[in-house]
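Chains as they are written, first to last, in the numbering used here: chain A, 1 to 647; chain W, 1001 to 1078.
Take a look at the structure below.
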Amino acid sequence: MGLTAKSTGSNLIDENDLLNSINCDFTIGLAGNPNVGKSTVFNGLTGMHQHTGNWPGKTVGNAVGEYKCHDKTFLLVDIPGTYSLMSNSEEEEIARDYICSGNSDVTVVVLDATSLERNLNLAIQIMNITDNVIICVNLLDQAKKKGIHIDFDLFSKLLGVPVVGITARKPKTLKHLTNTIYDVCTGKVSPCPKTFKFNCKTDSDFNNDNNSEIVSKILKEAEEICSKVCTYDKQDYNERDRKIDKILTSKIFGIPIMLLFLGIIFWLTIEGANYPSQLLSKLFAAIQGQLYKFFEWIHAPSFVTGLLVDGMYQTLAWVVSVMLPPMAIFFPLFTFLEDLGYLPRIAFNLDNCFKKCCASGKQALTMCMGFGCNAAGVVGCRIINSTREKLIAILTNAFVPCNGRFPLLITIATIFIGGLGIGFGASILSTLTVLLVILLGIFMTFIISKILSKTVLKGMPSSFTLELPPYRKPQIGKIIIRSIFDRALFVLGRAISVAAPTGLVIWLFANIGINNISLLEYIANFFEPFARLMGFDGYILTAFILGIPANEIVLPILLMSYLKTNALVSLEDTMQIGTILVQNGWTILTAINVMIFTLLHFPCATTLLTIKKETGSKKWTLLAFALPTVCGVVLCMFTTLIYNVIF
Amino acid sequence: MKNSIPLSDLEINKKAKVIDLRCNGNEKRRFLDLGIVKDTVLTPIFKSPFGTPTAYEIRKTVIAIREENAKKIEVVEI
């Protein structure tokens, strides 16, 4: 899902060129196949929190960090995972450019202990460019579980470079790696690769069309080396993974299991978020009471009290109490599936649908990232090799709801649809509703992808290959800490920083007016006729438009607009929000249309800026803005028409 | 020796050896990246719910390949 303070928000937009600005003694490049745990090694060494997860292609640009070992400082560059240096997808070009540039003093090639043979292909290619290579065999714990033993001394002797065995998620094992890096940098150890040399030194050599001979020779050598250094306790060590795969991708159960997982995640989120939400609301209401007393005590003019307490504080309180609990539950659950290695299986299951839309199966991965944050999803589209398919994935990313939109969907589904059921049935009904909205989003993704590839982005599907990595046991404790601190609190912070000034402005708009009609009413009245056609009112449309900086604040803006000057309502639970909405004329149709429009409307400002940056074109950015908006408007008008015909 | 067939026609769990890659450019490069060259041994292990792609075991890794791409890999059963 790729959502951390580093990988989303404005950080995506400023590409900071740290490479030149930091004065370190040595520069270390971290290369390797996708999904071998490079980012985990990187985090372990630098103490940073690059996004990790069990699927190929998470790291899409060079990440940079620093660490100290003995008396020297080292600059560590996390290069995107690549299978070889001979291809030309975006991430492989980044990797090749970096390794060929000679910027690093030492290149550490991270290999997966469970598939050394294929991994060695890249290692041997890199050893042709530079002599200063350290081989780092990661995931030793996985290998041990599968009964794979590696003779490191022999391995090092055969390659002619230092070989270190580690388990990156156990930081203690990294000590050996840092010491080896130190020794090579300070000249105590000089690597001298003994592997096959094929005289490719420059960028263009690698971009040659006739590489089969060279690759054949490299692979043959890799086979020979592996047969010497690896011993296996049992030949069918992948049997358990295969059994799980057969169930998760089976013809009968594959798709239902996928929906079930998604359903369980949402049900737990809806059911679990209710109580903490109420608790937070009560807490904030109590604080609000004290704030009023305080402002009274200092004899603050009512204008100031209104602006700060009713405007800013209340908007903030809503954002926190509505947003935080669902996020604190949703993020860890989703990360669990991600770390387990389930996302590539989703891509595998859905590939044929994407193929029929002439799109890439990897779009399923970027779509899943979109559930976290659409901006991160758009950046993630770099893993798609064909430019045409990448554009389709970027343009359709906002068709799945991001985390900023989930709480709104969940709240409305809980109030208006869940309210129809009783007890246990209520949360099931809400879950099914949210699931239905998401399925609509996925369905729209397919339709729009298909339309795009038949019109402006004409073309045939390109070749598609995807690695299905072994399942890995997620580290539950780490998931909870990381997803709450790195993701939930970060997203919340972003929402708060937008919500506070917006709260002020909305309160002002609601309280400053001409002829007793507030500015907000003027704006809402302006949109009213159009909004009516879509089955909701001018305030709702205004809230969506004002919510462009961050989708999270749509509901707080809306509540603020409805409550206007008489903001003296303290909200103690979700159902009270429902009361306010119903008092302002909401019907089941309004609820359905707001949910549709939440799913299908212009992406947030961050996403739009990211699209502009990734596509480098105003035209595509405009299309990315217009596509979901037009779909949403048309669909809302359609449901309104149907509703009015029936009732 | 058995006759060569396209990889897409190989039955699940049957081992085969690559004879030829009948493609070029990007597509061929992708196969090379993943370690698929002449003489590479691979086994189809399971299919997607919609029939394509198929997952193959190649050099102790699992790689999904779409049917129309697998057609271009000529293999012989072993």
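Glycine included, every Cβ here is placed at the ideal spot set by N, Cα and C.
Between the alpha carbons of residue i and residue j, how many angstroms are there, rounded?
i	j	result
SER449/A	LEU609/A	21 Å
GLY616/A	LEU391/A	11 Å
THR565/A	ALA500/A	Confidence at THR565/A is low in this model, with a pLDDT of 48, below 50, so its placement is unreliable and the value that follows should be read with caution. Each residue's alpha carbon lies about 17 Å from the other.
LEU568/A	LEU75/A	At LEU568/A the pLDDT is 45, less than 50, meaning the model places this residue with poor confidence and gives no usable figure here.
TYR292/A	GLY306/A	9 Å
LYS1047/W	LYS246/A	8 Å
ILE329/A	ARG487/A	11 Å
GLY263/A	LEU600/A	21 Å
LEU116/A	ARG472/A	17 Å
THR297/A	TYR313/A	Sequence check: residue 297/A is Trp here, not Thr. So the alpha carbons of these two residues sit roughly 18 Å apart.
SER250/A	ASN403/A	30 Å
ASN1069/W	VAL36/A	26 Å
ILE287/A	GLY1051/W	59 Å
THR173/A	ALA113/A	14 Å
PRO191/A	LYS170/A	26 Å
MET258/A	ALA364/A	13 Å
LYS1072/W	LEU1021/W	6 Å
GLY81/A	ASN23/A	26 Å
GLY187/A	CYS69/A	15 Å
ARG482/A	THR335/A	9 Å
THR606/A	TRP507/A	25 Å
SER281/A	PHE303/A	24 Å
LEU45/A	ASP71/A	16 Å
PHE294/A	GLU614/A	49 Å
VAL491/A	ARG405/A	12 Å
GLU1074/W	VAL1018/W	6 Å
ALA317/A	PHE284/A	6 Å
ALA393/A	CYS381/A	6 Å
LEU321/A	ARG96/A	Before going on, a small fix: residue 321/A reads as Ser here, not Leu. One C-alpha to the other measures close to 47 Å.
THR149/A	VAL229/A	Residue 149/A is actually His in this sequence, not Thr. Their backbone Cα atoms lie some 8 Å apart in a straight line.
Can the beta-carbon of residue i be found less than 8 Å from the beta-carbon of residue j?
i	j	result
LEU541/A	PHE527/A	yes
ILE28/A	ILE181/A	yes
ILE588/A	SER430/A	no
PHE26/A	ASP141/A	no
ALA359/A	MET369/A	no
ASN121/A	ALA31/A	no
ARG1066/W	PHE464/A	yes
ASN1013/W	THR1040/W	no
ILE94/A	GLY61/A	yes
LEU519/A	GLY513/A	yes
GLY578/A	GLY419/A	yes
PRO193/A	MET86/A	no
Who are the neighbours of residue i on chain A, taking C-beta pairs under 9 Å?
i	result
VAL1075/W	Within 9 Å Cβ-Cβ: nothing; VAL1075/W doesn't reach chain A, min ~16 Å.
ARG1022/W	Under the 9 Å cutoff, chain A gives no residues; its nearest Cβ is about 12 Å from ARG1022/W.
ILE1012/W	Residues of chain A passing the Cβ test: none, with the nearest at roughly 10 Å.
Relative to the C-alpha of residue i, which residue among the options is closest?
i	options	result
ILE346/A	GLN278/A, CYS402/A, GLY404/A and PHE261/A	PHE261/A
GLY147/A	VAL229/A, LYS234/A, GLU93/A and ILE514/A	LYS234/A
SER84/A	LYS1071/W, ILE1058/W, LEU1032/W and ILE1019/W	LEU1032/W
SER386/A	LYS1038/W, ILE1005/W and ARG1030/W	ARG1030/W
PRO603/A	GLY632/A, PHE295/A and PHE638/A	GLY632/A
ILE480/A	TRP586/A, THR590/A, ILE383/A and MET327/A	MET327/A
GLY165/A	ILE410/A, THR433/A, VAL189/A and VAL108/A	VAL108/A
GLY372/A	PRO401/A, ASN352/A and ARG382/A	PRO401/A
LYS454/A	SER216/A, LYS356/A and VAL554/A	LYS356/A
LEU558/A	PHE544/A, ILE218/A, PHE303/A and PHE155/A	PHE544/A
ARG388/A	VAL456/A, LEU436/A and LEU440/A	VAL456/A
ILE214/A	THR195/A, THR231/A, CYS226/A and LYS228/A	THR195/A
Interface residues of chain A around residue i at Cβ under 8 Å?
i	result
ALA1055/W	ASP245, THR249, PHE348 and LEU468
THR1052/W	ASP351, ASN352 and LYS355
LYS1015/W	Near LYS1015/W there are no residues of chain A at all, since even the closest Cβ is about 13 Å away, more than 8 Å.
LYS1071/W	Here the premise fails: no neighbours, minimum Cβ distance about 11 Å.
ILE1065/W	PHE464 and THR465
Whose Cβ in chain W lies nearer than 7 Å to the Cβ of residue i?
i	result
VAL215/A	LEU1032 and VAL1037
ILE255/A	PRO1049
TYR83/A	ASP1033 and LEU1034
Residue i versus chain W: which residues are under 8 Å apart at the beta carbon?
i	result
THR433/A	Those within 8 Å of THR433/A in chain W number zero; the least Cβ separation is about 25 Å.
For chain D, is any of its Cβ atoms less than 8 Å away from the one on residue i?
i	result
LEU219/A	Among the protein chains of the structure shown, namely A and W, there is no chain D.
Q) Which runs of the alpha helix (DSSP H) fall wholly inside the segment 532-592 of chain A and span at least 4 residues, in chain order? A) As far as the segment 532-592 of chain A is concerned, its whole alpha helix (DSSP H) runs of at least 4 residues are 538-546, 554-563 and 574-583.
**Q.** beta strand (DSSP E) runs contained entirely in the segment 404-488 of chain A, provided each spans 3 or more residues
**A.** 465-467
**Q.** Every unbroken alpha helix (DSSP H) inside the segment 314-355 of chain A [4 residues or more]
**A.** 314-340
Q | Every unbroken beta strand (DSSP E) within the segment 1008-1073 of chain W, with a cutoff of 3 residues, ordered by chain | A | 1016-1021, 1041-1047, 1054-1058 and 1061-1065
Q.
List, from N- to C-terminal side, the alpha helix (DSSP H) runs of 4 residues or more that fit wholly inside the segment 25-82 of chain A.
A. Counting only runs of 4 or more, we get 38-46.
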